[in-house]
């Protein structure tokens, strides 16, 4: 009797530096799902005054299959709530822009570390509880210069902590460097 085909991991965290190819790799991981069943949660917010940012968002949009359902700018408790709604195969791109929006909303850039702990706890719990295919994209930190500003160091510390917590609840963790993925877990 042939053994059953291995099931893909339910929850995958894809880490990488800026322009490493992490989003493209994460999108390819969703290939096993029926295209019409994929929910893409985009955490970036449009800024009409930043043409470069808008072009980056448009590049991501144009790369996604048209059949995917896109949810734009999931911030606040919205991201955790979306992950709790059902087991739809879901991709979240990315946790860094989610964290930035959370820090903006809480006006936490100059506040003590840990202010966002309840929001982060809620998101980590929602990821741990999600029962469908889930691919999360996040920037890896600590591979470069220490930020000069307090807000830069705060973001680096918070995203590093969030990534470590997500790695604990995800079944698979990948690091993408120069377009190449390495399995860490």
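Residue numbers (the numbering used here): 4 to 188.
Yeah, the Cβ is synthetic: ideal placement off N, Cα and C, and Gly gets one too.
From a predicted model like this one, the values you see are computed outputs, not experimental measurements.
Under the three-state DSSP convention, the category residue i falls into
i	result
residue 73	strand
residue 90	coil
residue 175	strand
residue 45	strand
residue 19	strand
residue 184	strand
residue 14	strand
residue 97	coil
Cβ shell of residue i (< 8 angstroms), same chain only, five flanking positions each side left out
i	result
residue 116	157, 160, 161
residue 130	14, 86, 137, 139, 169, 172, 173
Burial state of residue i (16 or more Cβ within 10 Å)
i	result
residue 72	exposed
residue 145	exposed
residue 41	buried
residue 182	exposed
residue 121	exposed
residue 92	buried
residue 119	buried
Proximity winner among the options, relative to residue i (alpha-carbon distances)
i	options	result
residue 50	152, 68, 61, 153	61
residue 125	81, 30, 154, 54	81
residue 25	178, 187, 188	178
Cut-off 6 angstroms between Cβ atoms - residues of its own chain near residue i, not counting five sequence neighbours on either side
i	result
residue 75	45
residue 168	127
residue 16	139, 169, 170, 173, 176
residue 95	44, 139
(message) Ignoring anything shorter than 4 residues, give me the alpha helix (DSSP H) runs that lie fully in the stretch 108-140, in order along the chain.
(response) With a minimum length of 4 residues, the continuous alpha helix (DSSP H) runs that stay inside the stretch 108-140 are 120-132.
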